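Report on the structure given below.
Chains as they are written, first to last, in this note's numbering: chain A, 1 to 120; chain B, 121 to 265.
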């Protein structure tokens, strides 16, 4: 038998995903910054947000930006934790804490975006 | 090299990481550009995920309608907040540029020139940081005069 419990998951999958989401976030972040800061007025009033949110594709971009950012960020935090020696219990509680915290804020973000009405 | 190995006695202790004094151990460790990149990437990453939570919270008045949201936005458009936003851009820039550097190192043989890439990311980053300052504050400066 194995002397130590060894995870069968090497983490290489999450490593690839972290790079792909990172690159996607760079692209999305460029768009975000052009939109929000190239013209000071474009992003900062309720009317501007409302006008933008009439396009469903823009909502989809926003939702994926939020989801990708949340995943990439919390996976990054988890990677920091994994650099240190932790007991099984500490590992489990930290991972579940991150997931619950992340899902809660993700749900909050989704609620905010969906709460913006469509003007028919 | 060979003579060095011969003079080492088997009893000689291999230097191990002193867990109890981990702060001084980390600080005394000789740092190359790659180590700094790693440290800054970590710090900026933690700051950015923290900001994402803050960002969700700060945009939450969108659910309460126009007046609540515009009031909140008026606070964030003050010069103090704009300077903070500008500094936040420095974190975004470092994390993005160094992230691209990491991908190049991992997937495009960048390990051969990762130090040059590190210097390049600082140069590009500082140029973009200053241009963002010009874009963000030219509007404000015009309002002053």
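Note that the Cβ used here is the ideal one computed from N, Cα and C, for glycine as well. As the structure is a prediction and not an experimental result, all values here were calculated from the model.
task: Name the residue from A:37, A:67 and A:98 whose alpha carbon lies nearest to the alpha carbon of residue 80 of chain A.
output: The sequence position of residue 80 of chain A within the first chain is 80, counting from 1. Cα-wise, what sits closest to residue 80 of chain A is A:98.
- request: Identify each residue in the region 184-196 of chain B for which the Cβ-Cβ distance to at least one residue of chain A is less than 7 Å, and report them in chain order.
  value: So the list reads 186, 189, 190 and 193, given in the order they occur along the chain.
- prompt: Would DSSP call residue 179 of chain B helix, strand or coil?
  reply: As a working mapping, residue 179 of chain B is identified with position 59 in the second chain. It is helical.
message: Let me confirm a value: residue 16 of chain A is counted as buried when at least 16 other C-beta atoms fall within 10 Å, else exposed. Which label applies?
response: Taking the first residue of the first chain as position 1, residue 16 of chain A is located at position 16. Exposed, by the Cβ-count rule.
- prompt: Do the region 221-231 of chain B and the region 186-198 of chain B touch if we need at least three Cβ pairs shorter than 8 Å?
  reply: With a cut-off of 8 Å on Cβ pairs, the region 221-231 of chain B is not in contact with the region 186-198 of chain B, counting fewer than three such pairs.
query: Can you round the beta-carbon distance between residue 46 of chain A and residue 52 of chain A to whole angstroms, since I take them to be within the 8 Å contact cut?
result: Here residue 46 of chain A refers to the residue found at position 46 when the first chain is read from its first residue. Here residue 52 of chain A refers to the residue found at position 52 when the first chain is read from its first residue. The pair is not a contact, with the Cβ atoms about 11 Å apart (cut-off 8 Å).
Cutoff 7 Å: residue 200 of chain B Cβ touching any chain A Cβ: The residue given as residue 200 of chain B occupies position 80 in the second chain. Answer no: the Cβ-Cβ gap between residue 200 of chain B and chain A never drops below 7 Å.
task: Give the C-beta separation of residue 244 of chain B and residue 217 of chain B to the nearest angstrom, bearing in mind that I take them to be a contact with Cβ-Cβ under 8 Å.
output: As a position in the second chain, residue 244 of chain B is number 124, starting the count at 1. As a position in the second chain, residue 217 of chain B is number 97, starting the count at 1. Contact flag correct, Cβ pair sits at about 6 Å.
- request: Using three-state DSSP, classify residue 226 of chain B as helix, strand or coil.
  value: On the second chain, position 106 is the one that residue 226 of chain B refers to. If DSSP states are grouped into helix, strand and coil, residue 226 of chain B belongs with the helices.
Inter-stretch contact at 8 Å, needing at least 3 Cβ pairs: the region 180-192 of chain B / the region 140-150 of chain B: no
- request: Name the residue from B:213, B:202, B:166 and B:226 whose alpha carbon lies nearest to the alpha carbon of residue 261 of chain B.
  value: Within the second chain, numbered from 1, the residue matching residue 261 of chain B stands at position 141. Comparing Cα positions, the closest option is B:202.
task: Kindly list, in the order they appear in chain A, the residues whose Cβ is closer than 7 Å to that of residue 173 of chain B.
output: Position 53 of the second chain, counted from the first residue, corresponds to residue 173 of chain B. Per Cβ cutoff of 7 Å: 105.
query: Roughly how many angstroms lie between the CA atoms of residue 213 of chain B and residue 9 of chain A, to the nearest whole one?
result: Reading the second chain from its first residue, position 93 is the one you call residue 213 of chain B. Reading the first chain from its first residue, position 9 is the one you call residue 9 of chain A. Between residue 213 of chain B and residue 9 of chain A, the C-alpha separation is close to 32 Å.
Alpha carbon of residue 223 of chain B to alpha carbon of residue 65 of chain A, nearest angstrom: Locating residue 223 of chain B in the second chain gives position 103, where the first residue counts as 1. Locating residue 65 of chain A in the first chain gives position 65, where the first residue counts as 1. For residue 223 of chain B and residue 65 of chain A, the distance between alpha carbons rounds to 20 Å.
- request: Could you check if residue 49 of chain A is buried or exposed, using at least 16 other CB atoms within 10 Å of its CB as the buried criterion?
  value: Locating residue 49 of chain A in the first chain gives position 49, counting from the first residue. Buried.
query: With a cut-off of 7 Å, does the C-beta of residue 17 of chain A fall near any C-beta of chain E?
result: The question asks about chain E, but that chain is absent: this structure's protein chains are A and B.
query: Where are the alpha helix (DSSP H) runs, 4 residues long or more, that stay fully inside the region 3-37 of chain A, in chain order?
result: 12-33
query: Cβ of residue 180 of chain B less than 7 Å from any chain A Cβ?
result: Numbered from its first residue, the second chain carries residue 180 of chain B at position 60. Among the residues facing chain A, residue 180 of chain B is included, as its CB has a counterpart in that chain under 7 Å away.
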